[in-house]
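There are 2 protein chains.
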Amino acid sequence: MQTHPAAEIGMPLDAVDTPALLVDLDAFERNIQRMAKAVANSSVTLRPHAKSHKCPVIALRQMAAGAIGVCCQKVGEAEAMVYGGVPNVLVSNQIVGTGKIARLVALAKQAWVAVCADHPVNVKNLNEAALAFGVRLPVLVEINVGMDRCGVEPGEPALALAKQIAASPGLRFAGLQAYHGSAQHLREYAKREEAIGLAVAKISQSVELLGRHGLACEMITGAGTGTYRFEAASGVYTELQAGSYIFMDVDYAKNLALDGNPSSDFEHSLFVWATVMSRPTKERAVLDAGHKALSVDAGLPLVAGMPDVEYIRAADEHGKLTLHDPNRALELGSKLRLIPGHCDPTVNLYDWFVGYRNDRVEAIWPIAARGASR
Amino acid sequence: MQTHPAAEIGMPLDAVDTPALLVDLDAFERNIQRMAKAVANSSVTLRPHAKSHKCPVIALRQMAAGAIGVCCQKVGEAEAMVYGGVPNVLVSNQIVGTGKIARLVALAKQAWVAVCADHPVNVKNLNEAALAFGVRLPVLVEINVGMDRCGVEPGEPALALAKQIAASPGLRFAGLQAYHGSAQHLREYAKREEAIGLAVAKISQSVELLGRHGLACEMITGAGTGTYRFEAASGVYTELQAGSYIFMDVDYAKNLALDGNPSSDFEHSLFVWATVMSRPTKERAVLDAGHKALSVDAGLPLVAGMPDVEYIRAADEHGKLTLHDPNRALELGSKLRLIPGHCDPTVNLYDWFVGYRNDRVEAIWPIAARGASR
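Heads up: the protein sequence lines correspond to chains A and B, in order.
Mapping of the first sequence onto the working numbering: residues 1 to 374, in sequence order.
Mapping of the second sequence onto the working numbering: residues 1001 to 1374, in sequence order.
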């Protein structure tokens, strides 16, 4: 519960209370247009991952720019999207448990909703629930293309599960989920290219095998912001699930900078707005934004526009800064923007995005699926 | 927003949906009693840190067991506590910014509320707001006793700020905030003892100096779960701010186990309830609880009661397990309890505690200050 709103529409940015989650609307809109353009020049469709923003307002913006729908990881996220007007949701994940499956299948009566599976017991349970609700649920087989997390192995195991789905009267075999998560954050361009090349080979072999058994893969879906160009050019993938491109965190930006063509890609548009709450020494300042205001699992945040100021340590409610330039003025009460190390779990800490343009608050968007972990 | 509640009162634990934040009520109540007993045998008062639980129901339980009130880090937390019936709140932190200071001072009309300061400009602003609202606000000087975060240095700088507070008609000088955060997680007992010994020497010297200038330190407050025994025995501290003792995370438990007398201290009472959502190989299982269901900033969670099962990697919505015992049955849909590496930021991800006893849900407590970062 926030007892106090961070901002009101029309406020100057300086008056916005901290910590708050800011969106630079110009940069955000340019990112949406850049991805739309990249996809328009390829043979794939964009299905951005809504786990990054958890916000139906943003999902509808992405669809207005050409996206076919969104992905979600959780039934609760899918509910928030559908209730917020998004008509097309792929749950790019396994949904296990009686209650969750009932919610998923019931939601499929209200919108186009599909799900992934990697286990015969789960397929059986999905089928029973779909029949009980009178739904024919599209189900994709998730295959392991290299990250060794969920998914059956490509080839024969994928075929066996696809056959089971196709033979289930409540289900419809819809294709393959083939996301290579660990390839997203490989530092080198060539390594990412190689990883996706191996994934594509596994998919092609599975598609061919399934085809020989009369099972067509209508959808082959995967990719993220770190690798989307490779999947788009693969000739195999039909959909891209990139999500972080709208915001860009520190980690993705490092990779793109190394690629040598940062200008062709995306800009940081998401910031944690923070206040200098203590100024104990000339070299040290303390912010009011720590673990509960940003996620450090992929590294510490950067201070936007101040390369001489380093965020060196997060505590639960504090962020410690080192000022490398002795002439840097950073008075008590100053506010600054932090670029999160990892956007997705940072967004999950907030109830609202505060969108600004020309240093004035222009939009306050509810993060409807904040905390929707079930 | 959670579109679906995790539990209902009376449900068997097995029926509780995941991820959910569980409290083992027996262990939780024993922890409260153990700390109450430890404090009863000393000359200090307990003022538990509510940043750990963010829940007025728990704060009132702690007060019923003898605590004088609670600490908070944020005005929003203090508001949640006061609105939830807690009559006595120390904001053990600096509050900077016009809006926040107004809220703090207004809250002091509704309950006993005190705050810390480490900067003359902040003291000036607090005084002006207190006068505007017709409040006399108790203010403590935060001194740096070793963690080099906020706080003025002990001795003369502390004296100067205390004098300014005492001379401010809207404020009342109430004592010293002297929390040694970095001592909490030192692995060795002797190192923690040494760190608090150094802190106590700095406090004593400051108390003596302030006393010579007619400034009595009514409150000297600090300590955490990792060091509370040293502060309690110091003869200098008047209040303990330990918070994590009610739940106990992996990191604190490691220290206490190394101390060699774990039985005399606290039990794990907080768990993340998770489901096995994928079972791709004999050695690998995947849970539905990752970064958005638990905080890994202080290390990965442990699997309760299954030493042969290791949580090896967190992704945003997934937790990867390695099963070291090939005979471990962990079927798709199984539920298990994770002991969070760090309780405080994990609690901040949830809206409700699900309290259970004898494997049955007995309490659902709102985490009223979840997300209250301002």
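Cβ atoms here follow ideal geometry from the backbone N, Cα and C, with glycine treated the same way.
- When C-alpha distances from residue 236(A) are compared across 222(A), 242(A), 245(A) and 247(A), the shortest belongs to 222(A).
- The shortest CA-to-CA distance from residue 1249(B) to any of 1007(B), 1052(B), 1013(B) and 1042(B) is the one to 1052(B).
- In terms of Cβ geometry, residue 368(A) and residue 55(A) form a close pair [threshold 9 Å].
- Contact between residue 1108(B) and residue 1269(B) does not hold, since their C-beta atoms are separated by about 33 Å, which reaches or exceeds 8 Å.
- Annotation: Cβ neighbours of residue 332(A) in chain B (cutoff 8 Å, chain order): 1096, 1119, 1121 and 1122.
- Pairing residue 1303(B) with residue 1342(B) gives a Cβ-Cβ distance that is not under 9 Å.
- Taking the C-beta atoms as reference points, residue 278(A) is found nearer than 9 Å to residue 286(A).
- For residue 1076(B), the uninterrupted alpha helix (DSSP H) segment begins and ends at 1075-1083.
- Taking 9 Å as the threshold, the shortest C-beta distance from residue 1018(B) to chain A falls below it.
- Judged by DSSP in its simplified three-state form, residue 215(A) adopts coil rather than helix or strand.
- For residue 53(A), no chain B residue has a C-beta closer than 7 Å to its own C-beta; the minimum C-beta separation is roughly 13 Å.
- No Cβ-Cβ contact shorter than 9 Å links residue 43(A) with residue 143(A).
- Annotation: the segment 1122-1155 of chain B contains the following complete segments of the beta strand (DSSP E) (minimum length 3 residues), in chain order: 1137-1142.
- Judged by DSSP secondary structure, residue 1279(B) falls outside any beta strand (DSSP E); it is assigned neither H nor E.
- Contact between residue 1245(B) and residue 1063(B) does not hold, since their C-beta atoms are separated by about 15 Å, which reaches or exceeds 8 Å.
- Along the segment 169-226 of chain A, the alpha helix (DSSP H) occurs as fully enclosed runs of 4 or more residues at 189-212, listed in sequence order.
- A straight line joining the alpha-carbon of residue 1298(B) with that of residue 1346(B) spans about 11 Å.
- Closest option to residue 69(A), judged by alpha-carbon separation, among 46(A), 79(A), 83(A) and 120(A): 46(A).
- The straight-line gap separating the alpha-carbon atoms of residue 1112(B) and residue 1136(B) is approximately 10 Å.
- Using beta-carbon distances, residue 291(A) counts as an interface residue toward chain B, with a partner under 9 Å.
- Partner residues in the beta bridge of residue 1353(B), as assigned by DSSP, are 1365(B).
- Excluding five sequence positions before and after residue 85(A), the CB atoms of its chain that fall closer than 8 Å to its own CB belong to 56 and 60, given in chain order.
- The beta-carbon separation of residue 155(A) and residue 209(A), rounded to 6 Å, stays under the 8 Å limit for a contact.
- Where residue 1288(B) is concerned, there is no enclosing beta strand (DSSP E), because DSSP gives it neither an H nor an E.
- Contact of residue 1149(B) with chain A by beta-carbon distance below 9 Å involves 278, 280, 284, 286, 313, 315, 318 and 320.
- In this structure, DSSP gives residue 1241(B) a state outside helix and strand, which the three-state scheme calls coil.
- In the DSSP assignment, the residues bridged to residue 336(A) are 274(A).
- DSSP, reduced to helix, strand and coil, places residue 45(A) within a strand of the structure shown.
- Checking the DSSP bridge columns, you'll see residue 322(A) partnered with 284(A) and 310(A).
- Residue 62(A) sits in a helix when the DSSP states are folded into three classes.
- Judged by their CB atoms, residue 87(A) and residue 67(A) are not nearer to each other than the 9 Å cut-off.
- For residue 1351(B), at least one C-beta of chain A is nearer than 9 Å to its own C-beta.
- Burial is judged here by how many other beta carbons sit within 10 angstroms of a residue's own beta carbon; residue 211(A) has fewer than 16 and is exposed.
- Rounded to whole angstroms, the Cβ separation of residue 274(A) and residue 336(A) is 6 Å, and the two are in contact under 8 Å.
- With contacts defined by Cβ atoms closer than 9 Å, residue 359(A) and residue 17(A) do not form a contacting pair.
- With a cutoff of 9 Å on beta-carbon distance, residue 354(A) and residue 7(A) are scored as near each other.
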